[in-house]
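Student: Just passing along the structure, written as structure tokens.
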Amino acid sequence: MDILVTVALAVLLVGLFLLALASSSNSRREQLRTANRLTAIEHKLDSIIAHHGITVREREFPDVVRLVQEDKRIEAIRVFRTETGSSLLEAKNAVDAIAARYGR
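Just so you know, the sequence shown maps onto residues 924 to 1027 in the numbering used here.
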């Protein structure tokens, strides 16, 4: 009886592991698909904006600007990432652009 219970538990654990693995690969695939669709939509929107000559104001980040002016770039990058959810590289590039805009 003990061997039967042990085998049943082992099969259950393997099944749960395989289920979790399949679920994570589906979500990754879905994330990639969503990211690709979002990129295509952004490209189309940029084309429409350019075609109609519309000027879109950049989003302002007063806390980031203040930190840049205080020469606290690392903190500015942290705040930018928190506010936007961007990657470290995107945040660094954005903070560098803000610093250049304000002559820092």
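Virtual Cβ for every residue (Gly too), placed ideally from N, Cα, C.
1) Are the Cβ atoms of ILE1036 and ALA1023 separated by less than 8 Å?
2) Using the Cβ count rule (16 or more neighbours within 10 Å means buried), how would you classify ALA1017?
3) Just verifying my parser: in three-state terms, what is the DSSP assignment at ILE1021?
4) Among the residues of its own chain, which have a CB less than 8 Å from the CB of GLU998, if the five just before and after it don't count?
5) Measure the beta-carbon distance from ASP1019 to VAL1002 and round it to whole angstroms, keeping in mind my assumption that it falls under 8 Å.
6) Quick one: give me the first and last residue of the alpha helix (DSSP H) that THR978 is part of.
7) Could you tell me which whole alpha helix (DSSP H) segments of length 4 or greater appear in the region 993–1020?
8) Are the beta-carbon atoms belonging to LEU1012 and ARG1004 less than 8 Å from one another?
Tutor: If we stick to the structure as given:
1) There is simply no residue 1036 to check, as the chain begins at 924 and stops at 1027 in what is shown.
2) buried
3) helix
4) LEU990
5) Incorrect: roughly 14 Å between the Cβ atoms, too far for contact.
6) Unbroken run through THR978: none, as it is neither H nor E.
7) 996–1007
8) no
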